[in-house]
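Visitor: Residues in the first sequence are numbered from 1 upward in steps of one, following this note's numbering. Just so it is clear, CB atoms sit at the ideal spot from N, CA and C, and this is done for glycine as well. All values derive from a computational prediction rather than experimental measurement. The structure that follows is given in the form of structure tokens.
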Amino acid sequence: MPELPEVEVIRRELEPLLKGKVFAEPMLQMPSTIEYPSPELFAASLPGREINNLNRRGKYLIINLDRGILTVHLRMTGNLLYVDDDTVSEERFLRLSLPFTDGSALHYFDMRRFGRLWLTETQAELKEVVLKRIGPDILNDLCRDDFLELLGKRERSRIKALLLDQGFAAGMGNIYTDECLYRSGIDPKRRVQDLKKEEAEKLYQSILEVLAEGIKYGGTTFRDYRNARGALGDFQSRLAVYGRKDALCRCGASITKAKVAGRGTYYCPRCQK
DNA sequence: AGCACCACCTGTGGGC
DNA sequence: TGCCCACAGGTGGTGC
């Protein structure tokens, strides 16, 4: 579900709400949601830790504590909801309750149960255990020349597969990748080695623009995404291609759906070459 | 290196 | 109406 913009929206909302909060006793409705360390150790060691600030790397939400780091990945259908008073109105799909000492709480919901949390003690452990194969954040840690240089090392990849590869750069998912390729006029099946320099530059610009717009409009709610207060995103109404099979592109051609990099892929066969 | 395929889960929507 | 199958915003493992 959530790609970089959705996680960033959640981060921006949660940071002022969570700063200074101290964790109380967690409730692990579904212990396997805790990836690291063991659910028992997680539950025993979280209480008493205080939240300093929130970061993000790609689709990972990184909650820095006074001691250690709590990391969350929402995968397909995870939702992180903040409530002022720890009452659960909806029990369905509730996987974790993380109450704070002041009576507020963070609730983790996840229909498909793919999402995971990690509690690590140091930055080195975070990198080793959680972010081992994660590349630089495509929005914050990659300038245009870095992007072009990294592209040069992956010449034989299909451009769509590469953008989805979190080890190349972190943050792009299926929706925003299709939107970026549309805006830069690039067929998702193209190989990196066949891109002209101007096309690669246009792609980089499109990525920054689309991600910024996604954040500005509160993310994309295609189905399940909710922000940290339970509200829907608004970017779905501005999508040019994703989910719009058979709709007309502004050039007059029909948006086409195909399988590229193993994923449903939407593009305009006339505008994207 | 790159890719196809499967697995992990639950729900939904389209086709028949 | 109802059943079945494909597919869904993500990622990790395997094997070619």
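Leaving aside the five residues before and after residue 105 along the sequence, list all residues of the same chain whose C-beta is less than 7 Å from its C-beta, in chain order.
Guide: These residues qualify, in order along the chain: 83, 86, 97, 98 and 99.
Visitor: In the structure shown, what three-state DSSP assignment does residue 2 receive?
Guide: Of the three classes helix, strand and coil, the one that applies to residue 2 here is coil, per DSSP.
Visitor: Residue 200 bridges to which residues according to DSSP?
Guide: Answer by DSSP bridge pairing: none, since residue 200 is not bridged.
Visitor: On a Cα-Cα basis, can you pick out the residue from 235, 158 and 207 that is closest to residue 261?
Guide: Closest option to residue 261, Cα to Cα, is 158.
Visitor: Considering residue 177, what are the terminal residues of the beta strand (DSSP E) in which it resides?
Guide: Careful: residue 177 lies outside any beta strand (DSSP E), inside the alpha helix (DSSP H) at 174-183.
Visitor: Which residues mark the beginning and the end of the beta strand (DSSP E) in which residue 98 is found?
Guide: Residues 94-99.
Visitor: Relative to the C-alpha of residue 103, which candidate in 253, 13, 175 and 17 has its C-alpha closest?
Guide: Of 253, 13, 175 and 17, the residue nearest in Cα terms is 17.
Visitor: Once you ignore the five residues that flank residue 30 on each side, which residues in its own chain have a CB closer than 6 Å to its CB?
Guide: Correct list, in chain order: 95.
Visitor: Determine the extent of the beta strand (DSSP E) in which residue 70 is found, giving its start and end residues.
Guide: Residue 70 -> beta strand (DSSP E) spans 69-73.
Visitor: Give the straight-line distance between the Cα atoms of residue 201 and residue 195, rounded to the nearest whole angstrom.
Guide: One C-alpha to the other measures close to 10 Å.
Visitor: Between residue 170 and residue 61, is the Cβ-Cβ spacing less than 9 Å?
Guide: No, these two residues do not count as a Cβ contact at 9 Å.
Visitor: Looking only at its chain, what residues have a beta carbon closer than 6 Å to the beta carbon of residue 116, apart from the 5 residues adjacent to it on each side?
Guide: So the qualifying residues of the chain are 35 and 73.
Visitor: Pair every Cβ in the segment 199-219 with every Cβ in the segment 138-147, then say whether three or more of these pairs are closer than 8 Å.
Guide: These segments touch.
Visitor: Compute the Euclidean distance between the alpha carbons of residue 109 and residue 8, then round it to the nearest angstrom.
Guide: Near 18 Å, if we compare the C-alpha coordinates of residue 8 and residue 109.
Visitor: DSSP state of residue 104, grouped into three classes?
Guide: Correct three-state label for residue 104: coil.
Visitor: Looking only at its own chain, which residues have a Cβ that is under 7 Å from the Cβ of residue 37, when we skip the five neighbours before and after it?
Guide: Closer than 7 Å at the Cβ level, and outside the excluded window around residue 37, lie 119.
Visitor: If we ignore side chains and look at the alpha-carbon of each, how far apart do residue 33 and residue 270 end up?
Guide: In a straight line, the C-alpha of residue 33 is about 44 Å away from that of residue 270.
Visitor: When we look at the beta-carbon of residue 227 and count the other beta-carbons within 10 Å, is it buried (16 or more) or exposed?
Guide: Buried, by the Cβ-count rule.
Visitor: Classify residue 153 as helix, strand or coil using the three-state DSSP reduction.
Guide: In the structure shown, residue 153 sits in coil (DSSP, three-state: anything other than H, G, I, E or B).
Visitor: Taking only three categories from DSSP, how would you classify residue 214?
Guide: Reduced to three states, the DSSP call for residue 214 is helix.
Visitor: Select from 168, 135 and 139 the residue whose C-alpha is nearest the C-alpha of residue 151.
Guide: Taking only the C-alpha atoms, the option nearest residue 151 is 168.
Visitor: May I ask you to verify whether the segment 201-220 touches the segment 176-188, counting CB pairs closer than 8 Å and requiring at least 3?
Guide: Because the criterion of three Cβ pairs below 8 Å is met, the segment 201-220 and the segment 176-188 touch.
Visitor: Using only alpha-carbon positions, find the residue among 184, 188 and 192 that is nearest to residue 148.
Guide: Cα-wise, what sits closest to residue 148 is 192.
Visitor: Leaving aside the five residues before and after residue 75 along the sequence, list all residues of the same chain whose C-beta is less than 8 Å from its C-beta, in chain order.
Guide: Excluding residues within five positions, the ones whose Cβ falls inside 8 Å are 1, 110, 112, 114, 115 and 116.
Visitor: Could you name the residues of the same chain whose beta carbon sits closer than 7 Å to that of residue 55, not counting the 5 residues immediately before and after it, in chain order?
Guide: Hits under 7 Å: 62 and 64.
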